[in-house]
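Notes follow the structure.
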Amino acid sequence: MPMINCPDCNKEMSDSAPACPNCGRPNANVPTEKRSVGVLLGVGIVLIPLIFSWFTLRKGHSVFARVLSFSWLVLSIAIISAPVGVENRVTSTSNSVPVEAKTEQVLQAESLTGPQKNAVRSAKQYLSMQGFSRDGLIQQLSSDYGDGYKVADATVAVDSLNIDWNKQAVRSAKQYLSMRGFSCEGLIQQLSSSAGGKYTVSQATYGAQQAGACE
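When the letters of the sequence shown are read in order and numbered with our numbering, they come out as residues 9 to 223.
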């Protein structure tokens, strides 16, 4: 085995030794081991960076390969963790009705009988044409000149729709005003009377005020 002198400490060492055993200077005669990122390792880093990125820390891999693999590792962790927060934000902002309320509505809809479901359809058709109070809509569905549903079925159907009766009062108030003039008190009476809209006094007052009949 040929011997050479170390350029730093001038001690003898084997020409095939990777470094001087005395001072540790790397042996320039021994080529440094170089590794390249092969196809399998590259695929592993892309698909499972948490495991395969660490392989680039082995001696011989370039700094560029290490930086690239660990950058992808950090990016992958960020991508995996991001959807949880995004999904929660989208859910909270896109759904104005609470989850509990939605669940209650779904369960209520599933428990309706056939006639009650038909009454729901009829109620929606009436509401698409004009404003109705709760009592007025139930009467329209159950009366002989209306749809003839049983009062109990009509009541269940109307209550399952979660209607804003104040908004309905505004609609009715505007419809009355489109046909003739009303004073504030006169419109409230028309909206709340049993022969008129059948709204509660508070609903009728709100409707008249929002329709512009009151100062």
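Glycine included, each C-beta is placed from N, C-alpha and C at the ideal position.
Owing to the predicted nature of the structure, the values given are computational and were not obtained by experimental measurement.
How far does the beta strand (DSSP E) with residue i in it reach, from first residue to last?
{"i": "N13", "result": "M11 to N13"}
Quick one, which of the options has its alpha-carbon nearest residue i's?
{"i": "L135", "options": "Q198, I171, T208 and T121", "result": "I171"}
{"i": "K125", "options": "Y157, P15 and Y153", "result": "Y157"}
{"i": "R129", "options": "S141, G139, L149 and S119", "result": "L149"}
{"i": "A219", "options": "S186, A162 and G122", "result": "S186"}
{"i": "Q217", "options": "L195, T208, G204 and S200", "result": "L195"}
{"i": "K206", "options": "R142, S168 and V82", "result": "R142"}
{"i": "T208", "options": "E223, R188 and K175", "result": "K175"}
{"i": "V164", "options": "L145, A181 and G32", "result": "L145"}
{"i": "M137", "options": "S168, S22, S201 and S180", "result": "S180"}
May I ask which residues mark the beginning and end of the alpha helix (DSSP H) holding residue i?
{"i": "S22", "result": "Per DSSP, S22 belongs to no alpha helix (DSSP H); it is in the beta strand (DSSP E), E20 to S22."}
{"i": "R188", "result": "No alpha helix (DSSP H) holds R188; DSSP gives it neither H nor E."}
{"i": "D143", "result": "R142 to S150"}
{"i": "Q217", "result": "V209 to Q218"}
{"i": "I122", "result": "One point to set straight first is that residue 122 is Gly, not Ile, in the sequence displayed. It spans G122 to M137 - the alpha helix (DSSP H) in which G122 sits, taken as one unbroken run."}
For residue i, which of helix, strand or coil comes out of DSSP?
{"i": "P29", "result": "coil"}
{"i": "D161", "result": "helix"}
{"i": "N174", "result": "helix"}
{"i": "V82", "result": "helix"}
{"i": "S102", "result": "At S102, the pLDDT of 49 sits below 50, so the modelled position is not reliable; the number obtained from the coordinates is stated separately. Helix."}
{"i": "L195", "result": "helix"}
{"i": "A181", "result": "helix"}
{"i": "D167", "result": "helix"}
{"i": "S119", "result": "coil"}
{"i": "S201", "result": "coil"}
Since I believe residue j is in contact with residue i (beta carbons under 8 angstroms), could you give me their beta-carbon distance rounded to a whole number of angstroms?
{"i": "Q183", "j": "F190", "result": "That belief does not hold up - the Cβ atoms of Q183 and F190 are roughly 11 angstroms apart, past 8 angstroms."}
{"i": "A177", "j": "A212", "result": "6 angstroms"}
{"i": "V166", "j": "A131", "result": "6 angstroms"}
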